[in-house]
C-alpha cells in the first residue's frame with residue numbers, strides 16, 4: 001500500500017506460483033503445525049486529513065472503535081478482520 005492505494009499483494013512461494021507473480025517473501029506460519037501463508041507482521045494506519053470529530057460529525061449511524069487488537073486478512077477474499085478492544 002502506497003499513499004492509501006493498493007500497489008500489489010503479499011505473496012508466499014505457493015500463492016505467487018498460483019497467481020503467476022513473483023513471491024514477496026511474506027510467507028509466515030502461525031506455528032510449526034501450520035503451513036506458511038501470506039501474513040502481515042504489523043499493520044499501521046497513518047492519520048488522514050480530518051480530525052476524529054470532523055469524521056464523526058458526518059456519520060448518521062456508525063460504530064466508533066478507538067482501539068483495535070489482533071487482525072488478519074482472508075487471502076481468498078481480501079477482507080480485513082480486526083477485533084475491536086474498545087467500541088461504542
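In this note's numbering, the protein residues as written are 1 to 88. By construction, the Cβ of each residue, glycine as well, lies at the ideal position given by its N, Cα and C atoms.
Asked: For residue 36 and residue 27, believed in contact at Cβ under 8 Å, the rounded distance; Found: 4 Å
Asked: Pick from 19, 13, 88 and 39 that is closest to residue 61, judged by C-alpha positions; Found: 88
Asked: Those residues which DSSP pairs with residue 72 across a bridge; Found: 81
Asked: Residue 15 versus 33, 4, 5 and 38, residue with shortest Cα-Cα distance; Found: 38
Asked: Spatial distance of residue 2 from residue 46 (CA atoms); Found: 11 Å
Asked: Proximity of residue 69 and residue 85 at Cβ, strictly below 8 Å; Found: yes
Asked: Cβ neighbours of residue 66 in the same chain (closer than 6 Å, five flanking residues each side left out); Found: 86
Asked: Beta-bridge pairing of residue 5 - partner residues as DSSP gives them; Found: 2
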